[in-house]
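Contents: one structure, followed by commentary.
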Amino acid sequence: MIRLLALLILFALPVRAEEVVAGLSQNRIAITASFSGSDILVFGAVKRDTPAPEGPLQVIITLQGPPLAVTVRRKDKVAGIWVNTDAVPVSSSPSFYAIAATAPLREVLTETEDLRHAVSIPRAIRAVGSGLEDAGVFTDALIRIRTDEGSYTLNETGVELAEETLFRTRFILPANLTEGAYRTRILLTRNGQVIDSHETMVDVRKVGLERWLFALSREQPLIYGLLSLVLAVTAGWAASAAFRYIRS
Amino acid sequence: MQIYLPIAEVSVNALLLFGLGGIVGLLSGMFGVGGGFLITPLLFFIGVPPTVAVATGANQVVASSVSGVLAHIRKRTVDFRMGWVLLAGGLIGSALGIWVFNILSALGQIDLTVQLSYVLFLGFVGLLMFQESLRSILRSRQPARKITRRHQHLLVHRLPLKMKFRTSGLYISVIPPILVGMLVGVLAAIMGVGGGFIMVPAMIYLLGMPTKVVIGTSLFQIIFVTAFTTVMHAVTNQSVDMMLALLLILGGVVGAQFGTQIGAKLKAEQLRILLALLVLGVCGLLALDLLLRPGELYSISVEGRA
Numbered sequence: 001m002i003r004l005l006a007l008l009i010l011f012a013l014p015v016r017a018e019e020v021v022a023g024l025s026q027n028r029i030a031i032t033a034s035f036s037g038s039d040i041l042v043f044g045a046v047k048r049d050t051p052a053p054e055g056p057l058q059v060i061i062t063l064q065g066p067p068l069a070v071t072v073r074r075k076d077k078v079a080g081i082w083v084n085t086d087a088v089p090v091s092s093s094p095s096f097y098a099i100a101a102t103a104p105l106r107e108v109l110t111e112t113e114d115l116r117h118a119v120s121i122p123r124a125i126r127a128v129g130s131g132l133e134d135a136g137v138f139t140d141a142l143i144r145i146r147t148d149e150g151s152y153t154l155n156e157t158g159v160e161l162a163e164e165t166l167f168r169t170r171f172i173l174p175a176n177l178t179e180g181a182y183r184t185r186i187l188l189t190r191n192g193q194v195i196d197s198h199e200t201m202v203d204v205r206k207v208g209l210e211r212w213l214f215a216l217s218r219e220q221p222l223i224y225g226l227l228s229l230v231l232a233v234t235a236g237w238a239a240s241a242a243f244r245y246i247r248s
Numbered sequence: 249m250q251i252y253l254p255i256a257e258v259s260v261n262a263l264l265l266f267g268l269g270g271i272v273g274l275l276s277g278m279f280g281v282g283g284g285f286l287i288t289p290l291l292f293f294i295g296v297p298p299t300v301a302v303a304t305g306a307n308q309v310v311a312s313s314v315s316g317v318l319a320h321i322r323k324r325t326v327d328f329r330m331g332w333v334l335l336a337g338g339l340i341g342s343a344l345g346i347w348v349f350n351i352l353s354a355l356g357q358i359d360l361t362v363q364l365s366y367v368l369f370l371g372f373v374g375l376l377m378f379q380e381s382l383r384s385i386l387r388s389r390q391p392a393r394k395i396t397r398r399h400q401h402l403l404v405h406r407l408p409l410k411m412k413f414r415t416s417g418l419y420i421s422v423i424p425p426i427l428v429g430m431l432v433g434v435l436a437a438i439m440g441v442g443g444g445f446i447m448v449p450a451m452i453y454l455l456g457m458p459t460k461v462v463i464g465t466s467l468f469q470i471i472f473v474t475a476f477t478t479v480m481h482a483v484t485n486q487s488v489d490m491m492l493a494l495l496l497i498l499g500g501v502v503g504a505q506f507g508t509q510i511g512a513k514l515k516a517e518q519l520r521i522l523l524a525l526l527v528l529g530v531c532g533l534l535a536l537d538l539l540l541r542p543g544e545l546y547s548i549s550v551e552g553r554a
């Protein structure tokens, strides 16, 4: 019995024949007042002790923004005008999600592995039961809108792989970034099975004035509100005074 | 030159915002309105989230009203007593409006409410102004006739709680001004406007105030109502974007001064008919948006971090 158990454990342990060694061009992105997007280069190599096994090696690299709870609403015509009617809450969907791979996802990853590692875009979204029959249409709409605005991208030829060893890809980050920890994952697959993976975080933060204003508006909303007023009143008074001076 | 707005969390062109503020300032200088009814829809259009657009719009109106009211105080055309009475109603209305705004936000109907209020109020006021200014243009073509208006007894004279308003030369009940103030306060909170375009006709036609003190007095009370609205939005929704407000205000201040000069060269009826057409145009665009089938039936609203 014990011998059988030991054998099972041995089988269950992954045989790490190939390993990922990776780096990022930057692991901290600062959102300044003049921030207009950025890009991240993800590169690395496959370390192996033994000759490469059978079947082509594939690489999938994903970059995932902080998960957000959102509500997807649908408009319907009510009394001649278009009004939001049905709504489906989505408990978690990334604010940004980019996938790059060496080949079409269906070829490099089996359905079960996709489910286990939550790689493809629909798998990265978690919706809770809403009671609506066509809830799937809402998550499809979520993906469509985010894809159209460039927040979700799938580039099935985005990863360059040389000699089954060196790989690299470049992610373009739009200007409308949400702050938070962005998760970078590198998955190596052979015959649709994930053989190794590597994960790092990229920290996206507002800095300087942006940071200060945002923090103040959340932590001291009353002071922030009063400060906005001071700004408005001063600007109004200064304008009036300046133009009176010019005219006289 | 792109600029990242810290609260709206979008990146927009700073010159575009400056220009938007400038155009609205130009119009507000020409016509003597706060311009909130233009700035808020324009912000929706460039992709600023509705809650941020409404709250920041209110902040921008504070700046333009302060600039305007100083000129009126120098000319002694502000009825302070009437202003305080309107303000009392305005603050109640504003608190009520913020409360309604938060409920509707949670229900996902805030965009609809804001749009519907715009269509209804802009349509109503635009038509009134258009008809009135058309009539006065037609009248001015005919040989001059002296219009004598006798002292009229309106509803405002029959209600209790009468009060003397010296600057306006009125002795009326305080109930109608408080109600007018409340209505404008609710609108200010929901639509992100000062409400001058409602207040001015209401003061002339409902309260019977003389035209020369109307704009100054309306600006005076709008400062406080929009200031209150700004702080309330900042506290309850955290949706005032100071960076956005600053750019709009800078543009607006410059535009307003040019607008005043252009306005001085045009005749009053021409000005009013142009403003009426502008108001009706904005109303028409917003109405089309409600009536036509939208390109995308679904929308996403972020509830927070998962």
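If you read the protein sequences in the order shown, they are chains A and B. Counting in the numbering used here, the first sequence runs without a single skipped number right up to 248 at its last residue. Counting in the numbering used here, the second sequence runs without a single skipped number right up to 554 at its last residue. Built from N, CA and C at the ideal position, the CB exists for glycine as well. The structure presented is a predicted model; accordingly, all values stated were derived computationally and were not measured.
Determine the chain B residues that contact residue i at a beta-carbon separation under 9 Å, and present them in chain order.
i       : result
G236(A) : V310, A311, S312, S313, V314, S315, G316, V317, L318, I471, I497, V501
Pull up the distance between the alpha-carbon of residue i and that of residue j, whole angstroms please.
i       : j       : result
R398(B) : M457(B) : In this predicted model, R398(B) has a pLDDT of only 48, less than 50, meaning its place in the structure is not dependable; the value taken from the coordinates is given anyway. Roughly 14 Å separates the two Cα atoms.
L105(A) : L538(B) : 40 Å
G23(A)  : F279(B) : 60 Å
V233(A) : A535(B) : 34 Å
W347(B) : G192(A) : 54 Å
I510(B) : V72(A)  : 47 Å
L109(A) : P53(A)  : 17 Å
Q220(A) : T178(A) : 21 Å
E572(B) : L495(B) : Outside the displayed span of chain B (249 to 554) sits residue 572(B), for which this structure offers no information.
P67(A)  : P94(A)  : 4 Å
L63(A)  : P254(B) : 23 Å
F171(A) : K206(A) : 20 Å
S240(A) : S248(A) : 12 Å
E257(B) : F214(A) : 10 Å
E156(A) : W82(A)  : 38 Å
S36(A)  : V20(A)  : 32 Å
G433(B) : A100(A) : 52 Å
G417(B) : A343(B) : 31 Å
I548(B) : V70(A)  : 7 Å
N261(B) : L290(B) : 14 Å
I246(A) : A319(B) : 14 Å
G283(B) : F506(B) : 15 Å
F378(B) : Y453(B) : 16 Å
L352(B) : D76(A)  : 17 Å
Would you mind giving the Cβ-Cβ distance between residue i and residue j, rounded to the nearest angstrom? I have them listed as a contact below 8 Å.
i       : j       : result
V362(B) : M447(B) : Actually they do not touch by this definition, with Cβ atoms about 19 Å apart.
G429(B) : Q469(B) : 7 Å
M442(B) : S313(B) : According to the sequence as given, residue 442(B) is Gly; it is not Met. Yes, G442(B) and S313(B) are in contact; Cβ-Cβ is about 6 Å, under 8 Å.
I287(B) : G305(B) : 5 Å
R185(A) : M201(A) : No, R185(A) and M201(A) are not in contact; Cβ-Cβ is about 10 Å, not under 8 Å.
A504(B) : G277(B) : 4 Å
From the options, pick the residue whose C-alpha is nearest to that of residue i; which is it?
i       : options                            : result
G180(A) : L166(A), T85(A), G65(A), L226(A)   : G65(A)
A87(A)  : L494(B), G356(B), R389(B), S421(B) : G356(B)
G225(A) : V488(B), R383(B), W347(B), R324(B) : V488(B)
T189(A) : E210(A), Q58(A), Q26(A), A17(A)    : Q58(A)
A162(A) : G37(A), I29(A), E18(A), G44(A)     : G44(A)
V296(B) : L368(B), W332(B), M330(B), L265(B) : L265(B)
V78(A)  : R541(B), L427(B), F476(B), K513(B) : R541(B)
G55(A)  : I29(A), F96(A), E164(A)            : E164(A)
A301(B) : M451(B), N485(B), A319(B)          : N485(B)
A437(B) : K515(B), L409(B), F378(B), Y366(B) : Y366(B)
L435(B) : V502(B), F369(B), R329(B)          : F369(B)
K460(B) : V550(B), I340(B), P424(B), I321(B) : I321(B)
A242(A) : L498(B), R387(B), M490(B)          : L498(B)
T415(B) : V326(B), V309(B), L275(B)          : V326(B)
Considering residue i, what are the terminal residues of the beta strand (DSSP E) in which it resides?
i       : result
M411(B) : 410 to 413
G44(A)  : 38 to 48
D86(A)  : 81 to 94
In the DSSP assignment, find the alpha helix (DSSP H) that holds residue i and state where it starts and stops.
i       : result
S228(A) : 221 to 247
Q363(B) : 358 to 389
A436(B) : 423 to 439
V260(B) : Per DSSP, V260(B) belongs to no alpha helix (DSSP H); it is in the beta strand (DSSP E), 258 to 261.
Listing by chain order, which chain A residues have their CB less than 7 Å from the CB of residue i?
i       : result
T288(B) : None at all; the shortest Cβ gap to chain A is about 16 Å.
Q379(B) : By Cβ distance, chain A contributes nothing, its closest Cβ being about 26 Å from Q379(B), past 7 Å.
S259(B) : F35, S36, A175, N176
L360(B) : V83, N84
Residue i touches chain A at which residues, Cβ-Cβ below 9 Å?
i       : result
I255(B) : L213, F214, S217
Could you work out which residues of chain E lie near residue i, taking near to mean beta carbons separated by less than 9 Å?
i       : result
G331(B) : Among the protein chains of the structure shown, namely A and B, there is no chain E.
What residues of chain B sit near residue i, judged by a beta carbon separation below 8 Å?
i      : result
T71(A) : G356, I548, S549, E551
Please compile the residues from chain A whose C-beta is within a distance smaller than 8 Å of the C-beta of residue i.
i       : result
E517(B) : Those within 8 Å of E517(B) in chain A number zero; the least Cβ separation is about 26 Å.
A343(B) : Per Cβ cutoff of 8 Å: no residues; A343(B) is ~14 Å from chain A at best.
T325(B) : The contacting residues do not exist; T325(B) stays about 15 Å from chain A at best.
Could you tell me which chain B residues have their CB closer than 7 Å to the CB of residue i, listed as they occur along the chain?
i       : result
P221(A) : A482, V483, Q486
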